[in-house]
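Participant:
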Amino acid sequence: MVLSYIIIAALADAYPVGQHTNRAASIVQIIFIYVIQMAYAGALGPVAWIYASEIFPTHLRDKGVNISQAGQQTTTLWINQAWPVMFQNVGHNAYWILVAINAFGCAMVILFWPETKGISLEHMDKLFGEVDKVEGFTEEHRANSVAEEREFRFISIQNPADAKDRGKRRVARSHAIKQAWQNKGSVQQASSGNDVVESGRTLAPWSIFAPASAYGPFETLFGDSPRLKTLISQGAARQSAEPVFSVADPVVFQDFGSVFRSDIDDPALLNAVKLTFAFAVMGGNVDQECLGYQNEAMSTIRQRMSSPETALSLPTLGAILLLADLNSSIMTGSDRIVNYTTFAELQWIRDPFSTTFFVLPPGFQKIIYLFSEDFIEVLKDIHALKCVQDIPGYSCQNPIEMLRVDNQQASIGSRLVDLPKLSAYMEACYLAAYLSACMLCCKVWRHSVMPSHVSVHLLHKLQESNNSLFWNDHPDLLIWMLHLGGSFSSKGEIRSQYKALIQINKASRFRNTYRSLEELIRILNQFIWSEKAYRAQVEVFWREIQTVSHRIGMPGLSRFRGTDDHTATPMMKEYYSQRSQVPGTLIITEAGLISPGSGGYPNAPGIWREDQVAAWKTITDEVHRNGCFIICQIFHIGRAAVPEIAEKEGIEIVSASAIPYEEGASVPKALTVEEIKQIVRDFVAAAKNAIRAGFDGIELHAGNGYLIDSFIQDVSNIRSDEYGGNVENRSRFIYEVMEAVGRAIGPERVGIRLSPWSTFQGMRMKEPIPQFSDVIRKAKLLGLSYIHLIEPRVSNNVDLEHPVVETLDFAIDLWNGPILLAGGYNPDNAQKTVDEKYPNKDIMVMFGRHFVANPDLVFRIKSSLVLNHYDRSTFYALKNPMGYLDYPFSNEFLASTRA
């Protein structure tokens, strides 16, 4: 900067303004003005916050830095105001004034303060510490003092209470750290600073500005340890070290070298790190490899502890800390040794200038009477952390800001852990608060292993307390906890269990409280919610909850395993449980009767009575517990009722018109308009009951010649009123059912099953395309969730032997949403249908008979395994477990579940 000012001043002397016009001189002056700006930005500019951050204690550091920066800005403002006046009075000689100021600064640093050049802050503390300020302190005193400092000091512990004495613990800790620094200094002096040069590499701290790919952690940190390289390649191992140090991301407090003041070549530290990584890779299980690393680390530590010269080296202390970390309080529930008050540097107090941040969120305010005063204050601190996080443009990257935020999080977490554990649901509240605070902190915390681990504990407490009446009175609080825990949990079993718990509570406690993501966020916002910190993960979790994982599903299949009075049975629960063992599978149940008069099949389950709803609830809970989705198919049998069953149960066989489905069959009664309206109401009641029973939605069976289908097609509908006679009228009944049911439970929970080309039970009109196109357009207009189409190559459960030329293309082209296809599919043609025939459609292939015989069908097809053969003779065996529960799982699937 001095040279730049000299050049500018000299050129100004040589070519005064107004007397000469030298373009080259002007360009050079402009260039060196930019050089000065760049030099200032890299030298003097950062001094205001760097120097202040070093000299102020931690609890005052943020305020000190703010004052220093304010002073710098004030000085800059003064210079900007004074410079024009100075230039007007002394002209270009103003540049020589700046030369003098900068030259004076250089002389002071080089000539008068040389002892600080290249010396660490710790060494400067020794040079300028309190001991040097004592008057009359002679060299003899200094030598004796140094000798005393190098001796080990023993702290007397007479009883367990002494071990917790803050004074004694602070003395011990201070002496240990001082010894470690002195030993480190001796080693550095002995090496004369040549080790780095001789080794051929430099362990420079990671820069927060450089890309992650520039660090080469294996080359710079891990030396020649191939096993360590292998371990660190595992994601679980990368997370296990955080937040002590990071090998995955540079934006952390400190890197490995600055934490441990050592390379990983140290044997104790190397084996402790290997143990940390191997323990994580093994999923928390200790194997022979882990024991080997532990023995090596502890053996080295024991050996060093026997020698005062090596006992308190920083690598040794680091190894001990890493070994202890495997048994830390938050991971194992062990008693804590230190807390947020132990270290003065980590103290945190509320900012007196941001009092509006420290308030209780409205959701907690409504139930403030439930919580202790200590917990309420913690919640206020978390809310303040959230307010800071949501400030526009805020980013916790500045080291000082990172320190302040993480000290606040440490205070929050420490106080939460110390709160009394009075009940499982109260522990769940503490864990949810801890998790919410953790995700509001700096990057090292958000991306560490801690959030996923806390979410595991939270899940267990929620499962333990799920039957508590507490949640019946506070469903919104439960919604917040479940979605928070699920969103920040790891992919896999824990995440699936969160989804299952949400599905179990959705029908009972939540009662359709929310149907969209925005409605959910309105609930979450009543508690602790941050758009910036939470929304991305919550959106992903929301989509997972709403989305099936496979393009293979199980359609409704009549099996007649219910009771004689049409109630689902424990045998049915086992049947659906078997077929929901692959998480993310969509299952549609066998058709459920909507009312006592809708039947005519033996042992078909119904859903119009409370005991039926309760029986179905056990099944939906089981399927959701397995991480799958389940939809209730509902229908009215109509003219297809079995006469003997109808007579036995006092059912009148009805249809759109008095036309039997085949020659010799019972002639049904044509429904009156009032009876039609009542059946619409029956469909609505059944749909509501299905949602109460825990189903994710309902499917209207409008195919295979049942009542709705008999209204749609002209082979069974020859009415001359508003429900027959033309396309529009024949679609009226199904439209009224779809509209009423959609209005009652939400159209996004309603699907419809159609069989345009089926000849089963006397159906198949001459020109089905116009009629079914009208039905599909109406379903589309109402916003139904999906359409389920039966292929023309099957008639019920029988494959047609003659060639089929009809296709479902007309219907598929009309529908823009999800489409379920069923009938005659196998793994080969299903893949071609999805990937080749309809690549631009959301297609799910439904396997009926194959799902009967292969409870692990999704796994078998995904793994290209041979399928079990089905036995037709057992399809409709009343109340018989044979051909129902006895189809085996594949050995490969069983092995995968054991793993």
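Note that my numbering gives residue 1516 to position 363 of the sequence shown, counting from 1, and the numbers run on in steps of one. Ideal Cβ placement from N, Cα and C applies to all residues, glycine included.
Taking only the alpha-carbon atoms, compute the straight-line gap between R1704 and D1543 and give it to the nearest angstrom.
Facilitator: The straight-line gap separating the alpha-carbon atoms of R1704 and D1543 is approximately 39 angstroms.
Participant: Pull the bridge partners of L2075 from the DSSP assignment, please.
Facilitator: Lying before the first or after the last residue shown, residue 2075 is absent from the chain, which here runs from 1154 to 2052.
Participant: For the region 1737-1752 against the region 2037-2049, are there 3 or more C-beta pairs whose distance is under 8 angstroms?
Facilitator: The region 1737-1752, when compared against the region 2037-2049, does not touch it at the 8 angstroms Cβ threshold.
Participant: Grab me the residues of V1491's own chain with a C-beta within less than 6 angstroms of its C-beta, minus the 5 sequence neighbours each way, in chain order.
Facilitator: Interpretation of V1491 is limited by its pLDDT of 49, a score under 50 that renders its predicted location unreliable; the figure taken from the coordinates is listed afterwards. If we look at V1491 and ignore the five residues flanking it on each side, it has no Cβ neighbours.
Participant: Check the DSSP bridge columns for S1808 and list the partner residues they point to.
Facilitator: In the DSSP output, where bridge partners are listed per residue, S1808 has A1823.
Participant: Pop quiz: I1851 and A1840 are said to be a contact at Cβ under 8 angstroms. What is the actual Cβ separation, rounded to whole angstroms?
Facilitator: 5 angstroms
Participant: Tell me whether A1253 counts as near the ligand FMN, meaning its Cβ is closer than 7 angstroms to at least one heavy atom of that ligand.
Facilitator: Questions concerning the ligand FMN fall outside what the structure shown contains, since it holds no ligand whatsoever.
Participant: When DSSP labels each residue in this structure, what does G1850 get in the three-state scheme?
Facilitator: strand
Participant: Rounded to the nearest angstrom, how far is the Cβ of G1915 from that of S1869, given a contact under 8 angstroms?
Facilitator: 7 angstroms
Participant: Pull up the distance between the alpha-carbon of F1430 and that of N1424, whole angstroms please.
Facilitator: 10 angstroms
Participant: Go to R1906, then tell me how far its beta strand (DSSP E) extends in each direction, as first and last residue.
Facilitator: V1903 to L1907
Participant: Taking only runs that begin and end inside the region 1932-1988, name each unbroken alpha helix (DSSP H) of 4 or more residues, in chain order.
Facilitator: 1962-1967 and 1980-1985
Participant: Rounded to whole angstroms, what's the CA-CA distance from A1098 to F1432? Just pull it up for me.
Facilitator: Coverage of the chain is limited to positions 1154 through 2052, which leaves residue 1098 absent and any answer about it impossible.
Participant: Considering only C-alpha positions, which residue in the set L1593, K1644, Y1651 and R1664 is nearest to H1627?
Facilitator: R1664
Participant: DSSP has G1706 in a bridge; who is on the other side?
Facilitator: L1739 and M1999
Participant: P1420 to Q1447, Cα distance in whole Å?
Facilitator: Approximately 11 angstroms between the Cα atoms of the pair.
Participant: With a CB to CB cut of under 6 angstroms and the five nearest residues on each side skipped, what residues in its chain are close to F2012?
Facilitator: V1735 and F2046
Participant: I'd like to know whether the C-beta atoms of L1538 and Q1561 end up nearer to each other than 8 angstroms.
Facilitator: Cβ distance < 8 angstroms, so L1538 and Q1561 count as in contact.
Participant: Pair every Cβ in the region 1987-1996 with every Cβ in the region 1716-1723, then say whether three or more of these pairs are closer than 8 angstroms.
Facilitator: Verdict: no, contact absent.
Participant: If you count every other CB in all the chains shown that lies within 10 Å of the CB of R2051, and 16 or more means buried, which is it?
Facilitator: Exposed.
Participant: Look up I1783 in the DSSP assignment and say whether it is helix, strand or coil.
Facilitator: strand
Participant: Taking T2050 as part of the alpha helix (DSSP H), name the residues at either end of that continuous run.
Facilitator: N2044 to R2051
Participant: Taking a contact to mean a Cβ-Cβ separation below 8 angstroms, would you say S1753 touches I1804 in this structure?
Facilitator: With the sequence shown as reference, residue 1753 is identified as Gly, and Ser is not the correct amino acid for it. Yes; because the gap between Cβ atoms is below 8 angstroms, this pair is in contact.
Participant: Going by DSSP in three states, M2035 sits in which element: helix, strand or coil?
Facilitator: For M2035, the secondary structure class from DSSP, reduced to helix, strand or coil, is coil.
Participant: In or out: E1881 buried (at least 16 other Cβ within 10 Å) or exposed?
Facilitator: By the 16-neighbour rule on beta-carbons within 10 angstroms, E1881 is exposed.
Participant: Per the contact definition of three or more C-beta pairs closer than 8 angstroms, is the region 1764-1772 in contact with the region 1646-1653?
Facilitator: By the C-beta criterion, the region 1646-1653 is judged not to be in contact with the region 1764-1772, since fewer than 3 inter-stretch pairs fall below 8 angstroms.
Participant: Starting from K1533, follow the alpha helix (DSSP H) in both directions and report where the run begins and ends.
Facilitator: Counting along the chain, the alpha helix (DSSP H) containing K1533 begins and ends at E1526 to Q1542.
Participant: Would you decide whether F2000 is buried or exposed? Buried here means 16 or more other CB atoms lie within 10 Å of its CB.
Facilitator: Counting Cβ neighbours within 10 Å, F2000 comes out buried, since at least 16 surround it.
Participant: Checking 8 angstroms against the spacing of the C-beta atoms, do A1964 and F1925 come in under that value?
Facilitator: Taking 8 angstroms as the Cβ cut-off, A1964 and F1925 qualify as a contacting pair.
Participant: Just curious, the alpha helix (DSSP H) that Q1690 is in, first and last residue?
Facilitator: E1684 to Q1699
Participant: Given a cut-off of 8 angstroms on the beta-carbon distance, is the pair G1516 and L1630 in contact?
Facilitator: yes
Participant: Mind checking whether N1779 and S1730 have CB atoms under 8 angstroms apart?
Facilitator: yes
Participant: Take P1514 as the anchor and find which of D1504, D1534, S1525 and P1505 has the nearest alpha-carbon.
Facilitator: When C-alpha distances from P1514 are compared across D1504, D1534, S1525 and P1505, the shortest belongs to D1534.
Participant: With a threshold of 8 angstroms between beta-carbons, can I1943 be considered close to chain C, or not?
Facilitator: No chain C appears in this structure, which consists of one protein chain only.
Participant: May I ask you to report which of helix, strand or coil DSSP gives T1722?
Facilitator: In the structure shown, the three-state DSSP call for T1722 is coil.
Participant: Return the chain-ordered list of same chain residues with a C-beta closer than 6 angstroms to the C-beta of N2021, the five sequence neighbours on each side being excluded.
Facilitator: A2006, N2007 and Y2040
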